[in-house]
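Engineer:
2 protein chains.
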Amino acid sequence: MFIAMNRFQVAKGEEEAFETLWKTRKSYLDEVPGFGGFHLLRGPEAEDHTLYASHTIWATKADFEAWTQSEAFRKAHAQAGSAKPRYLGPPRFEGFEAIHSVPAPSEAA
Amino acid sequence: MFIAMNRFQVAKGEEEAFETLWKTRKSYLDEVPGFGGFHLLRGPEAEDHTLYASHTIWATKADFEAWTQSEAFRKAHAQAGSAKPRYLGPPRFEGFEAIHSVPAPSEAA
C-alpha cells in the first residue's frame, strides 16, 4: 500500500474557500486502477495557517505514478477555477510506503 | 474519521532497527474501541535521515484520546526495550480530521 499526501498551509481565514474547492471539484479518481480511497484531512492550526493534507491510498506506488500521467489526473487538475485560497508557500508532497500494518478487527480474517 | 500520525526522523543507517522495533512489539490496538487500522509508513529520505510516520485510523478524535489514557496504550508503550534507534529530534504528532472523502469503488454502495 502506498499513501500519497500533499500538505497545504492555508492562510487563516481561507479555510472555508479551500474546503469548498475540494468538496466541489470532481476527482475522477474512481476510474483509476489501484485507487483505494481519498480523504481531505484538516490538521493542526498554527498561528498564521491551518495545515491540510490530501491523503490518497493506492495499491502500489506504480499505480500512483501512472495516475499522475493519466487523463483522469489532467481533467481533475484542469478545474482550478476562480476560487484561489491563499497559501503560505507551495504544497509539499510526501509519498509513504506501508511497511507494517495492524488491521482493524473487522478486517482481520 | 480521525487519523493520528507521529512523524519520526530516523538517522541514516538506523532504519532497520526502527522498523524491527515496530514490527516486533505488540500494539494491543485490536482491543481498543474505535480503532480502524494501523500502518507504519516509510516516507521520503533526506540527506541525514529517513522520515517515517505511524498512521492510526480512529472512528473519532475522542476514541483516539480515550486510547491515550488506556491500559492498552500503557502496555504498548512499556515495551520500549533495549533497541534504541537514533533520531534527529523528538517525534512530531499531527492529528487530522477527515472532512471530505472519495471512497474506493469497492467501498461505494
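Read top to bottom, the protein sequences are chains A and B.
Here the first sequence stands for residues 1 to 109, where the numbers follow this note's numbering.
Here the second sequence stands for residues 110 to 218, where the numbers follow this note's numbering.
Virtual Cβ for every residue (Gly too), placed ideally from N, Cα, C.
Owing to the predicted nature of the structure, the values given are computational and were not obtained by experimental measurement.
Measuring alpha carbon to alpha carbon, tell me which of A59/A, A104/A, T20/A ends up nearest G95/A.
Structural biologist: Answer by Cα proximity: A59/A.
Engineer: Is the CB of P142/B under 8 Å away from at least one CB in chain A?
Structural biologist: no
Engineer: Quick one: does the C-beta of A175/B sit closer than 7 Å to a heavy atom of the ligand ZN?
Structural biologist: This structure lacks the ligand ZN, and indeed carries no ligand of any kind.
Engineer: Going by C-alpha to C-alpha distance, which of V32/A, W22/A, E45/A sits closest to G111/A?
Structural biologist: Here chain A covers residues 1 to 109 and nothing more, so residue 111/A does not appear.
Engineer: For L41/A and A207/B, which I take to be in contact (beta-carbon distance under 8 Å), what is that distance rounded to the nearest angstrom?
Structural biologist: Sure, about 6 Å apart at Cβ, within 8 Å.
Engineer: What did DSSP end up calling E94/A once you bin it into helix, strand or coil?
Structural biologist: strand
Engineer: Would you check if there are 3 or more beta carbon pairs closer than 8 Å linking the stretch 61-78 of chain A to the stretch 129-142 of chain B?
Structural biologist: no
Engineer: To the nearest angstrom, how far is the alpha carbon of Q9/A from that of H49/A?
Structural biologist: 6 Å
Engineer: Given this structure, state the Cα-to-Cα distance separating E125/B from S215/B, to the nearest angstrom.
Structural biologist: 35 Å
Engineer: If we count the other Cβ atoms within 10 Å of its Cβ and call it buried at 16 or more, is I112/B buried or exposed?
Structural biologist: Under a 10 Å Cβ-count criterion, I112/B is classified as buried, with 16 or more other Cβ atoms of the shown protein chains found around its own Cβ.
Engineer: Terminal residues of the continuous beta strand (DSSP E) containing T159/B?
Structural biologist: 158-167
Engineer: Which residue or residues does DSSP assign as beta-bridge partners of E19/A?
Structural biologist: Answer is none; E19/A lacks a bridge partner.
Engineer: If we ignore side chains and look at the alpha-carbon of each, how far apart do P212/B and T24/A end up?
Structural biologist: 15 Å
Engineer: Would you say S101/A faces chain B, with C-beta separation under 8 Å as the test?
Structural biologist: So yes, S101/A belongs to the interface.
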